[in-house]
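*Asks:* The sequence shown begins at 1 in the UniProt record's numbering and counts up one residue at a time.
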Amino acid sequence: MLEDQVAYLLQRYLGNYVRGLSKEALKISVWKGDVELKNMQLKPEALNALKLPVKVKAGFLGSVKLQVPWSRLGQDPVLVYLDRIFLLAEPATQVERCSEDAVQEAKKSRIQSVELDRLAVYLDSDIIPWHVNKAWEDLLPSEWFQIFKFGTKDGKPADNLLRKHSYILQPVTGKAKYSKLLSSEVTDSKQPLQNAVVNLDDVTISLSKDGYSDIMKLADNFAAFNQRLKYAHYRPLVPVKTDSRSWWKYAYRAVSDQIKKARYLNTFQFCSQPYALLVYCQVKFYKY
């Protein structure tokens, strides 16, 4: 029963992102101690739920390790460790058309994500170094080598590389002071127990003309992508020259949705929602 539940949860929350999750393998190893799965490939649709203007070309997850406190279930947390996540993405130049079922599924997934309200994330890459027995080039897909080759050539002269770089943030110096009061030193309940002060010298940020232009283009692309994404389920799959009528319908539906939304924002029902929520919260507060 319990191993089925563990397998179900891993399939539910990780199955949409990685390949290689075997329910049979999970059921066999869950009672033997820590469950650990290694070298799983990321799915191309791994980032679809984030609604970002990028799509996955390649990627893999080094390992997933699940620690279950069998002797203290319900008291100690179940820990899930994700190690070595590598991702290669490219800009999404086109917005794929979504069906009505896909829109409803996206709404359902947002509701289900609320169930993870007790999730805690802990990053320990700086404390526990990765132990890799192979060269980095052997762990990466072949198309990644050209991207990471400069970062894997330790001990080689880098003067030629540094000349090509344009740094946005110039060197910064500063001072930080941290103080903590003992419980015996506290005289006022409103007095802070811990105090931190950070003083930085001049912080200089410089952008080249090309860098500024690239940032503005990226921001424009994000805005345009998000705007197209709102009405992607209306967008025709054929070119304009092939079926201009369907594109006029697409424009009409998009504008109609905007008008309906603007009208709803001015209705009494929408304006009264904050007041109704306030009354509901007050009743619950005085009740308990």
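The C-beta atom is built at its ideal place from N, Cα and C for all residues, glycine as well. A quick note: this is a predicted structure, and the numbers were derived from the prediction, not measured.
Determine the burial state of A46: buried for a count of at least 16 other Cβ atoms within 10 Å of its Cβ, exposed for fewer.
*Replies:* For the purposes of this step, residue 46 is taken as residue 46 along the sequence shown, with counting starting at 1. A46 is buried by the Cβ-count criterion.
*Asks:* Could you name the residues that DSSP lists as bridge partners for D83?
*Replies:* The count along the sequence shown starts at 1 and reaches residue 83 at position 83. The partner list for D83 (beta bridge, DSSP) reads S63.
*Asks:* Curious, which full-length beta strand (DSSP E) runs of at least 3 residues does the region 155-235 contain?
*Replies:* Those beta strand (DSSP E) runs which fall completely within the region 155-235 and span 3+ residues are 174-180 and 194-200.
*Asks:* Go ahead and pull the three-state DSSP assignment for I28.
*Replies:* One-based indexing of the sequence shown puts residue 28 at position 28. A caution first: I28 carries a pLDDT of 48, below 50, which makes its placement in the model too unreliable to give a value.
*Asks:* Cα separation between A58 and L169?
*Replies:* Your numbering for residue 58 matches position 58 in the sequence shown. Your numbering for residue 169 matches position 169 in the sequence shown. Cα to Cα, the separation comes out at about 30 angstroms.
*Asks:* Tell me the residue span of the beta strand (DSSP E) that contains K284.
*Replies:* To locate residue 284, count along the sequence shown from 1; it is residue 284. Premise fails: K284 lies in the alpha helix (DSSP H), F268 to K287, not in any beta strand (DSSP E).
*Asks:* Quick one: what's got a C-beta closer than 7 angstroms to Y234's C-beta in the same chain, skipping five residues either side?
*Replies:* Position 234 of the sequence shown, counted from the first residue, corresponds to residue 234. Cβ within range, chain order: Y250, R253 and A254.
*Asks:* Please state the DSSP three-state secondary structure of Q41.
*Replies:* Taking the first residue of the sequence shown as position 1, residue 41 is located at position 41. In this structure, Q41 counts as strand in the three-state DSSP scheme.
*Asks:* Who are V35's beta bridge partners in DSSP?
*Replies:* As a first step, residue 35 must be located in the sequence shown, where it is residue number 35. V35 is bridged to L66.
*Asks:* Under 6 angstroms Cβ to Cβ from P69, same chain only, skipping five residues before and after it: list those, please.
*Replies:* The residue given as residue 69 occupies position 69 in the sequence shown. If we look at P69 and ignore the five residues flanking it on each side, its Cβ neighbours are D76.
*Asks:* Excluding five sequence neighbours on each side, which residues of the same chain lie with their C-beta closer than 7 angstroms to the C-beta of V18?
*Replies:* If you number the sequence shown from 1, residue 18 lands on position 18. For V18, where only same-chain residues beyond five positions count, the Cβ hits under 7 angstroms are M40, Q41, L42, K43 and L61.
*Asks:* Excluding the five sequence neighbours on either side, which residues of its own chain have a C-beta within less than 6 angstroms of the C-beta of A196, listed in chain order?
*Replies:* On the sequence shown, residue 196 is found 196 positions in, with the first residue counted as 1. Only Y178 meet the Cβ criterion.
*Asks:* Among K65, S71 and V54, which residue has its Cα nearest to the Cα of A92?
*Replies:* Residue 92 sits at position 92 when you count from the first residue of the sequence shown. Among K65, S71 and V54, the Cα nearest to that of A92 is on V54.
*Asks:* How would you call V198, buried or exposed, if buried means at least 16 neighbouring beta carbons within 10 angstroms?
*Replies:* The count along the sequence shown starts at 1 and reaches residue 198 at position 198. Flag for V198 reads exposed.
*Asks:* Quick one: what does DSSP say A92 is sitting in, helix, strand or coil?
*Replies:* For the purposes of this step, residue 92 is identified with residue 92 of the sequence shown, where counting begins at 1. Coil.
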